[in-house]
Amino acid sequence: MQTKEPASLCDLNEPLIDHSEGQHFLNETFRIIMEEVLCKGTDIKEKVCEWKEPEELALLLDLELRATGEPRHRLLQRVKDVAKYSIKTSHPRFFNQQYGGVDYHSLAGRFLTEALNTNLFTYEAAPVFVLMETEVLRGLRQLVGWTEGDGIFCPGGSTSNMYAMNLARYRLFPQVKSQGLWGLPRLTVFTSPESHYSVKKGAAYLGLGTDNVILVKVDDGGRMIPADLDEKIELAKSQGAVPFLVSCTSGTTVQGAFDPLDHIADVCQKHKLWMHVDAAWGGSVLFSKQHRHLMKGNLLKQCHSANATYLFQQDKFYDVNLDIGDKSVQCSRKVDCLKLWLMWKAVGSDGLAERVDRAFIHVRYLVEQMKKREGFHLLGEVRNYLKHTEKAYTAPSQSWPKKWVTRFSHVTGRPTNRASPHEALPVAFPVSVCKLRKKLEVRQETIINKTQKIERLWPLMIWVGVVSSVTPE
Numbered sequence: 001m002q003t004k005e006p007a008s009l010c011d012l013n014e015p016l017i018d019h020s021e022g023q024h025f026l027n028e029t030f031r032i033i034m035e036e037v038l039c040k041g042t043d044i045k046e047k048v049c050e051w052k053e054p055e056e057l058a059l060l061l062d063l064e065l066r067a068t069g070e071p072r073h074r075l076l077q078r079v080k081d082v083a084k085y086s087i088k089t090s091h092p093r094f095f096n097q098q099y100g101g102v103d104y105h106s107l108a109g110r111f112l113t114e115a116l117n118t119n120l121f122t123y124e125a126a127p128v129f130v131l132m133e134t135e136v137l138r139g140l141r142q143l144v145g146w147t148e149g150d151g152i153f154c155p156g157g158s159t160s161n162m163y164a165m166n167l168a169r170y171r172l173f174p175q176v177k178s179q180g181l182w183g184l185p186r187l188t189v190f191t192s193p194e195s196h197y198s199v200k201k202g203a204a205y206l207g208l209g210t211d212n213v214i215l216v217k218v219d220d221g222g223r224m225i226p227a228d229l230d231e232k233i234e235l236a237k238s239q240g241a242v243p244f245l246v247s248c249t250s251g252t253t254v255q256g257a258f259d260p261l262d263h264i265a266d267v268c269q270k271h272k273l274w275m276h277v278d279a280a281w282g283g284s285v286l287f288s289k290q291h292r293h294l295m296k297g298n299l300l301k302q303c304h305s306a307n308a309t310y311l312f313q314q315d316k317f318y319d320v321n322l323d324i325g326d327k328s329v330q331c332s333r334k335v336d337c338l339k340l341w342l343m344w345k346a347v348g349s350d351g352l353a354e355r356v357d358r359a360f361i362h363v364r365y366l367v368e369q370m371k372k373r374e375g376f377h378l379l380g381e382v383r384n385y386l387k388h389t390e391k392a393y394t395a396p397s398q399s400w401p402k403k404w405v406t407r408f409s410h411v412t413g414r415p416t417n418r419a420s421p422h423e424a425l426p427v428a429f430p431v432s433v434c435k436l437r438k439k440l441e442v443r444q445e446t447i448i449n450k451t452q453k454i455e456r457l458w459p460l461m462i463w464v465g466v467v468s469s470v471t472p473e
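Just so you know, UniProt numbering puts 36 at position 36 of the sequence shown, and the rest follows in order with no gaps.
Have a look at this one:
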């Protein structure tokens with residue numbers, strides 16, 4: 001039997017990666033990104049996207065992974081294809097609540113973060129970013145009006161809401177960390193029906209149960225009603241439950257509503273409850289002197305630490321409080337602070353405030369223009385006709401003006417599972433918008449990504465959904 005010769009010392013000294021080839025590929029890739037994504041992707045004369053049906057797109061991209069690699073020119077074509085067939089979210093005519101266009105300083109921060117490929121768990125592993133995150137969090141706390149506190153960057157709003165729920169529970173019942181749920185009473189969370197679905201998801205994930213998320217009534221603007229909150233807390237107590245958290249929202253998903261934090265805080269203080277504010281979208285108003293009124297009004301480590309002594313040694317040569325990894329449920333936590341830090345450094349607090357103020361001006365202008373323009377109908381003015389459910393929007397057949405149903409169905413078609421086009425229109429929205437997109441994209445028109453009127457408050461972000469009487473050409 002023939003045995004394979006062991007690798008020579010020369011082979012062992014050779015790098016696994018050809019850095020010269022890799023850097024040349026990267027330079028070419030950056031050129032494509034600049035041309036196809038950042039130049040064409042922000043040019044109003046270009047399409048928002050090159051739409052393809054899933055089966056056709058899968059064939060065009062040739063997604064199958066094989067045993068052998070591909071040459072550089074083929075890989076660069078792959079990069080071009082990814083750019084070509086992706087949605088250009090920084091396009092002037094792309095409107096969606098989660099996007100605010102490109103910020104080049106933030107993008108540079110993201111590039112640098114990925115190139116350095118570090119993780120935020122100890123100072124010795126990420127000295128620059130530990131100090132940077134500390135300073136960015138200090139600046140954010142200052143906007144709120146706090147002189148001290150603690151925090152970390154989370155991968156998203158959903159995770160942040162789950163952190164808040166876990167912290168609130170730990171503050172009330174610290175034994176839950178070691179003993180689990182078996183000794184706890186029935187715990188209840190209070191939020192509005194307009195809050196993000198991650199509140200219920202967090203309750204399920206943490207073992208609280210979605211039935212213990214109690215929905216508080218909202219007013220016509222989608223804002224939580226403090227009096228109803230107070231009543232529901234009293235009712236839960238009378239039923240033997242233990243209220244422990246009120247989850248408010250600054251910038252709700254559908255209506256962009258800001259819960260009245262000051263009045264809710266009074267209720268929370270009365271009942272000694274943890275008050276959490278989900279400000280994933282509306283929090284940027286804190287930069288604006290004109291609009292911050294919308295939001296008037298150290299447990300991380302204790303709750304989440306696992307005391308991994310192999311990593312968080314207490315006898316290091318620097319302040320071990322700079323080892324922040326034990327505050328997080330993650331260990332290998334990606335750096336998120338650099339993109340905000342670099343943007344903040346570039347434009348300053350005044351520049352960020354100007355972006356927020358301009359976003360409000362743009363929204364008001366757009367809404368007024370739509371009110372004047374024939375063929376557009378603001379759903380905000382007919383919102384009482386809609387009844388929100390978990391699956392869809394439904395409406396009584398007599399509620400929708402026939403001309404709107406007729407005009408919209410010319411573009412979208414009518415589902416076959418409904419007897420009346422009046423009845424079918426709201427249910428058809430998710431499918432209809434996709435079909436409408438395709439027709440609009442061919443004409444290089446704006447993608448309208450939702451079907452409710454909303455005013456979203458992230459810098460330079462506007463989301464106003466409309467139903468238009470567009471008909472196919």
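Backbone N, C-alpha and C define an ideal beta-carbon position, used for all residues, glycine too.
Taking residue i as the reference, which of the options has the closest Cα?
i	options	result
Tyr170	Leu184, Gly157, Thr159, Ser158	Leu184
Pro260	Ala58, Thr249, Phe190	Thr249
Phe153	Ala346, Gly348, Leu286, Ala280	Ala280
Tyr163	Leu187, Leu143, Val199	Val199
Gly283	Ser178, Val144, Thr188, Cys268	Val144
Arg333	Ala126, Gly251, Leu187	Ala126
Gln255	Asp219, Gln239, Leu12, Ala265	Asp219
Met343	Ala241, His271, Met132	Met132
Asn212	Asp230, Glu124, Arg66, Val189	Val189
Lys84	Asp230, Leu60, Leu107	Leu60
Leu137	Arg186, Leu340, Asp266, His24	Leu340
Thr134	Asp150, His105, Gly221	Asp150
Val82	Gln98, Pro71, Leu63	Leu63
Lys47	Glu53, Cys39, Gln98	Cys39
Cys268	Asp350, Asp230, Ser288, Gln290	Asp230
Gly156	Lys289, Gln98, Leu208, Arg72	Gln98
Val176	Ile264, Ala236, Gly207	Gly207
Tyr197	Trp182, His91, Glu56, Leu215	Leu215
Glu53	Lys270, Ser86, Met165	Ser86
Ser158	Leu235, Leu366, Gly202	Gly202
Thr29	His73, Glu56, Ala67	His73
Thr210	Phe258, Gly69, Leu187	Leu187
Met34	Phe111, Pro174, Gly139, Gly222	Phe111
Identify, in the order they occur along the chain, each residue of the same chain with its Cβ nearer than 8 Å to the Cβ of residue i, setting aside the five sequence neighbours on each side.
i	result
Glu148	Arg141
Glu36	Lys80, Ala83, Lys84
Ile32	Leu76, Val79, Lys80, Ala83
His291	Val285, Val356, Asp357, Phe360, Leu457
Leu181	Gly207
His276	Asn161, Ala164, Met165, Ala168, Leu245, Val246, Ser247, Cys248
Leaving out five residues before and five after residue i in sequence, what residues of the same chain have Cβ atoms less than 7 Å from its Cβ?
i	result
Glu14	none
Pro459	Note that Pro459 has pLDDT 30, beneath the 50 cutoff, so the model's placement of it is unreliable and the number below is only indicative. Counting only Cβ-Cβ distances below 7 Å, and skipping sequence neighbours, we find Gly100, Ser284, Leu352, Arg355, Val356, Ala359.
Leu205	Rather than Leu, the amino acid found at residue 205 in this sequence is Tyr. Closer than 7 Å at the Cβ level, and outside the excluded window around Tyr205, lie Met162.
Val382	In this predicted model, Val382 has a pLDDT of only 36, less than 50, meaning its place in the structure is not dependable; the value taken from the coordinates is given anyway. Cβ neighbours of Val382 beyond the five flanking positions: none.
Leu299	Because Leu299 carries a pLDDT of 41, less than 50, the predicted location of this residue cannot be relied on, and no value is offered for it.
Ile17	none
Asp11	none
Leu271	Rather than Leu, the amino acid found at residue 271 in this sequence is His. Correct list, in chain order: Ile233, Pro243.
Ala108	Leu342
Ala236	Thr188, Ile214, Pro243
For residue i, I'd like the list of residues in its chain whose CB is within less than 6 Å of its CB, leaving aside the five on either flank, ordered along the chain.
i	result
Lys217	Ile225, Asp228
Ala168	Phe244, Leu245, Trp274
Phe317	The predicted model places Phe317 with a pLDDT of 48, which falls under 50 and marks its position as unreliable; any figure quoted below should be read in that light. Cβ neighbours of Phe317 beyond the five flanking positions: none.
Asp103	Met343
His293	none
Lys296	Asp262
Ser106	Lys339, Met343
Ala241	Arg186, Thr188
My guess is that residue i and residue j are in contact by the Cβ rule of under 8 Å, so how many angstroms apart are they, rounded?
i	j	result
Cys337	Phe121	With a Cβ gap of about 14 Å, Cys337 and Phe121 do not count as contacting.
Ser195	Asp278	7 Å
Thr118	Val347	With 8 Å as the limit, Thr118 and Val347 do not qualify as a contact, their Cβ atoms being about 25 Å apart.
Lys88	Gly22	Between Gly22 and Lys88 the Cβ distance is about 27 Å, and since that is not below 8 Å, they are no contact.
On the DSSP bridge list, what partners appear for residue i?
i	result
His276	Ser247
Leu215	Thr191
Val242	Leu187
Met224	Val218
Phe258	Ser250
*Which runs of the alpha helix (DSSP H) fall wholly inside the region 33-112 and span at least 4 residues, in chain order?*
Counting only runs of 4 or more residues that sit fully inside the region 33-112, the alpha helix (DSSP H) segments are 54-61, 72-85, in chain order.
Entirely within the region 125-162 and at least 4 residues each: give me those alpha helix (DSSP H) ranges in chain order. You should have 127-144.
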